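Notes follow the structure.
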Amino acid sequence: MKYIEDKYFIAISDYIKNVIEEKNIDISDLAAAANVDRKQVYRLINKENVPKLSTLIRISLAAGIEPQILFSLKFDFEFYMKENNILKATPKKIKNPNL
Numbered sequence: 001m002k003y004i005e006d007k008y009f010i011a012i013s014d015y016i017k018n019v020i021e022e023k024n025i026d027i028s029d030l031a032a033a034a035n036v037d038r039k040q041v042y043r044l045i046n047k048e049n050v051p052k053l054s055t056l057i058r059i060s061l062a063a064g065i066e067p068q069i070l071f072s073l074k075f076d077f078e079f080y081m082k083e084n085n086i087l088k089a090t091p092k093k094i095k096n097p098n099l
């Protein structure tokens with residue numbers, strides 16, 4: 001079984017797993033409430049698969065987590081960008097229409 005090694009995904013997965021445990025939510029009940037297959041929830045919390053954004057939002061909402069919280073976790077994005085060779089895109093240069 002392959003585990004996802006992306007640190008941000010791991011942080012999101014751990015956060016969701018902690019909420020599920022703290023609230024004592026049954027995985028099958030969570031999956032049913034989110035209208036997703038329970039295997040998707042297991043894969044998420046076991047860090048086996050990065051779900052589609054829509055699936056992540058469904059699981060979050062069913063667990064009582066506002067999805068925007070997942071994107072505001074304390075995380076060093078500058079380091080993440082360097083570690084993963086992510087650059088910031090630059091805007092297109094506008095050609096001078098008067099030439």
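Per UniProt numbering, the sequence shown starts with residue 1, numbered consecutively. All C-beta atoms, glycine included, are put in the ideal place defined by N, C-alpha and C. Please read all numbers here as calculations on a predicted model, not as lab measurements.
Checklist entry - Exposed or buried, what is lysine 44 when buried is set at 16 or more other beta-carbons lying within 10 Å of its beta-carbon? => result On the sequence shown, position 44 is the one that residue 44 refers to. In the sequence as presented, lysine is not what sits at residue 44; that position holds leucine. By the neighbour-count rule (16 or more Cβ atoms within 10 Å), leucine 44 is buried.
Checklist entry - Would you say isoleucine 16 and isoleucine 59 are within 8 Å of each other, going by their C-beta atoms? => result Here residue 16 refers to the residue found at position 16 of the sequence shown. Here residue 59 refers to the residue found at position 59 of the sequence shown. Yes, they are a contact pair.
Checklist entry - Between the C-alpha atoms of phenylalanine 9 and lysine 23, what's the straight-line distance to the nearest angstrom? => result Sequence index remark: in the sequence shown, residue 9 carries index 9 (1-based). Sequence index remark: in the sequence shown, residue 23 carries index 23 (1-based). Phenylalanine 9 and lysine 23 have their C-alpha atoms spaced approximately 21 Å apart.
Checklist entry - Which stretch, first to last residue, makes up the alpha helix (DSSP H) that contains isoleucine 25? => result Stepping through the sequence shown from its first residue, residue 25 is reached at position 25. Where isoleucine 25 is concerned, there is no enclosing alpha helix (DSSP H), given that its DSSP letter is neither H nor E.
Checklist entry - What residues in its chain sit with their C-beta under 6 Å from that of asparagine 49, if we drop five residues either side in the sequence? => result Residue mapping note: residue 49 aligns to position 49 of the sequence shown, counting from 1. Cβ within range, chain order: Arg43.
Checklist entry - Between the region 59 to 69 and the region 25 to 36, do at least 3 Cβ pairs fall closer than 8 Å? => result Enough Cβ pairs lie closer than 8 Å, so yes.
Item to check | Element boundaries [alpha helix (DSSP H), containing isoleucine 67] | outcome: Taking the sequence shown and counting its residues from 1, one reaches residue 67 at position 67. Residue identity differs from the one stated: residue 67 is proline in this sequence, not isoleucine. Unbroken alpha helix (DSSP H) run through proline 67: 67 to 70.
Next on the checklist: Give me, in chain order, the residues of the same chain whose beta-carbon lies closer than 7 Å to that of phenylalanine 75; leave out the 5 immediate sequence neighbours on both sides.
Outcome noted: Indexing the sequence shown from 1 puts residue 75 at position 75. Answer for phenylalanine 75: Tyr8 and Ala11, listed in chain order.
Next on the checklist: Just to check my reading of the structure: valine 19 and leucine 30 have Cβ atoms closer than 8 Å, yes? What is that Cβ distance to the nearest angstrom?
Outcome noted: Your numbering for residue 19 matches position 19 in the sequence shown. Your numbering for residue 30 matches position 30 in the sequence shown. Taking C-beta atoms under 8 Å as the contact rule, valine 19 and leucine 30 fail to qualify, at a distance of about 10 Å.
Checklist entry - Nearest to leucine 70 by CA position, among Leu53, Pro91, Glu78 and Val36, is which residue? => result In the sequence shown, counting from the first residue as 1, residue 70 sits at position 70. Ranking Leu53, Pro91, Glu78 and Val36 by Cα distance to leucine 70 puts Leu53 first.
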